[in-house]
Amino acid sequence: MKRYGNLYDKAIDLDNLRLADSKARKGKARQRGVKIFDRDREGNLQRLHEILKAEKFETSQYTVFTIYEPKERQIYRLPYYPDRIVHHAIMNVLEPIWTRIFTYNTYSCIKGRGIAACAAQVERIIKEFEGRKLYCLKIDLKKYYPSIDNEILKQIVRRKIKDGRLLKLIDNIIDSERGLPIGNYLSQYLSNLYLAYFMHYCNETLKIKCVEYADDIVFFSDDKNELHRVFDTINAYLGNGLHLTIKSNYQIFPIAENRQDRHGRALDYVGFKFYRKQKLIRKSIKQNFCRAVAKLTKRNVTPEAIRRKTASWYGWATHSNSRHLLKKLYGNETEDILQ
42 MKRYGNLYDK AIDLDNLRLA DSKARKGKAR QRGVKIFDRD REGNLQRLHE ILKAEKFETS
102 QYTVFTIYEP KERQIYRLPY YPDRIVHHAI MNVLEPIWTR IFTYNTYSCI KGRGIAACAA
162 QVERIIKEFE GRKLYCLKID LKKYYPSIDN EILKQIVRRK IKDGRLLKLI DNIIDSERGL
222 PIGNYLSQYL SNLYLAYFMH YCNETLKIKC VEYADDIVFF SDDKNELHRV FDTINAYLGN
282 GLHLTIKSNY QIFPIAENRQ DRHGRALDYV GFKFYRKQKL IRKSIKQNFC RAVAKLTKRN
342 VTPEAIRRKT ASWYGWATHS NSRHLLKKLY GNETEDILQ
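Residues in the sequence shown are numbered from 42 upward in steps of one, following the working numbering.
Below you can see the structure in the form of C-alpha cells.
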C-alpha cells in the first residue's frame, strides 16, 4: 500500500493558505471572525505560515453549543483564524489521497456524493433484485462522532500518510477533543476515513450489497439468514476493531413493493422511503414542506418566490414520486414550479 510523504510544505505554502482562506470564507464573509481577519488578511496569512513553518500550531479553544433540529446534539466551533483556514489547507492536500480510499458506496461530505447520489445508488441496488426476494439490514452507529477512538483514528491516518510533520499537525487536531467534534471541517473527512477500511471489508470480503451515509449503513440480500450472519460479523468487526456500537434498534426486514403492500415495509433512509417500485419523501420532510408552502401562500408570494424559498424541500420532492404532492401544494401553478 502506497504511503505519501513530503506533504507538509505543500500544506503550509502561502498560496495554499490563500486558497484555504478563500474556501473557508465561502458563505461566511459577514461573520465577525472573517471581518476581523480581513483587517490584515495578507499579514495574518503570513503569520500563520510562520507558525506552521515553526511547527508551533496549537488547536484553539472550542465554542460549544446545542442544536435541536433535526435532533439534539452538541456542535463544536473553532475560530475562523487560524483553525478553519488550517483545516482547509490540510484538506487541499489530502482530499485527493483520501477520496481514493473511500469506496464507491460511501456517501456524505464527498464531492458529488450527497443525498441525491446516495438515494440513486439505493434505487440501483433495489432494481438488481427484481424477480427475487429482497431483505434489508439497517444499522445506525451509536453516538458515532463522540465514540471514535482517537488512537485508532491516528493509526488509520498513518496507513496512507507518512509525513511526520503533517501527522504531528493532524494529531494535534484529533487530540483536541475526545472523539470527533461535530462541526469541524476536518471531522467530516476523518469520519469517512474511520469507516473506509470497514467498507472495503464489506465489499471485498463479505461481498454484500451495502450503502453507507455517515453513520447509517444499509445492507441488502435475497437471503434473510445471510443478513443475520452479516450482522454478527460486522458487529464484532466494529466493536473489536473500531470500538463502535451498533444501536439496539437495528432492523432486518423485507422491502415492500409499494405503499399498499402489507408483506413488507419501506426502507426509511436519507430522507426517503424506498419501496421496490416507489420512492417517497419521509413524512417529517413532507410535513415541513407543506407547512412552508402554506405559510408562503398566505402571503401571496409568486411561484418563483415559493420555489426559491422552499428549494431544499422542492429538491427532495423532485427526486421522488411526489408529482401529486407538488400539484396539491402549488395548485394551478404546478407546471410553472416543475419547469
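Where is the CB? At the ideal position from N, CA and C, for every residue including glycine.
What does a CB cutoff of less than 6 Å around residue i pick up in its chain, not counting 5 residues either side in sequence?
i, result
"L379", "The predicted model places L379 with a pLDDT of 47, which falls under 50 and marks its position as unreliable; any figure quoted below should be read in that light. There are no such residues."
"L182", "D256 and L285"
"G84", "none"
What whole-angstrom Cβ distance do residue i and residue j have, given they're in contact under 8 Å?
i, j, result
"I166", "F261", "5 Å"
"H128", "N213", "Not really, about 12 Å apart at Cβ, beyond 8 Å."
"R340", "L175", "Not confirmed; about 45 Å, so no contact."
"Y291", "I223", "That belief does not hold up - the Cβ atoms of Y291 and I223 are roughly 22 Å apart, past 8 Å."
"V134", "L221", "20 Å between Cβ atoms; not a contact."
"K203", "Y103", "Actually they do not touch by this definition, with Cβ atoms about 29 Å apart."
Which class does residue i belong to by DSSP, given the choice of helix, strand or coil?
i, result
"S217", "coil"
"Q292", "strand"
"L379", "Residue placement at L379 cannot be trusted, given a pLDDT of 47 that sits under 50; the coordinates are not used to answer."
"K43", "coil"
"I167", "helix"
"Y145", "coil"
"L58", "helix"
"I202", "strand"
"D302", "coil"
"I275", "helix"
"E417", "Only positions 42 to 380 of the chain appear in the structure, and residue 417 is not among them; the question remains open."
"R173", "coil"
"N191", "helix"
"P222", "coil"
"I151", "coil"
From the DSSP output, read off the bridge partner residues of residue i.
i, result
"R114", "I108"
"C251", "F260"
"D309", "K314"
"K179", "V259 and Q292"
"K320", "F315"
"S287", "As written in the sequence, residue 287 is Ile, which differs from the Ser given in the question. In the DSSP output, where bridge partners are listed per residue, I287 has L182."
Using the beta-carbon count (16 or more within 10 Å), is residue i buried or exposed?
i, result
"E253", "buried"
"L55", "exposed"
"G312", "buried"
"E353", "Before going on, a small fix: residue 353 reads as Ser here, not Glu. S353 is exposed by the Cβ-count criterion."
"Q162", "buried"
"N146", "buried"
"K168", "exposed"
Kindly list the residues whose CB is nearer than 8 Å to the CB of residue i, restricted to its own chain and excluding five residues on each side of it in sequence; keep chain order.
i, result
"Y278", "F239 and Y242"
"E113", "T107"
"A307", "I296, A297, R300, K314, F315, Y316 and L321"
"K350", "A333, L337 and V342"
"I151", "T140, F143 and N233"
"N191", "I215, D216, R219 and G220"
"I197", "L234, Y235, A237 and Y238"
I'd like the list of long-range same chain contacts for residue i, defined as Cβ closer than 7 Å, with 5 residues on each side in sequence excluded.
i, result
"E96", "R206 and K209"
"R199", "L208"
"L93", "I53"
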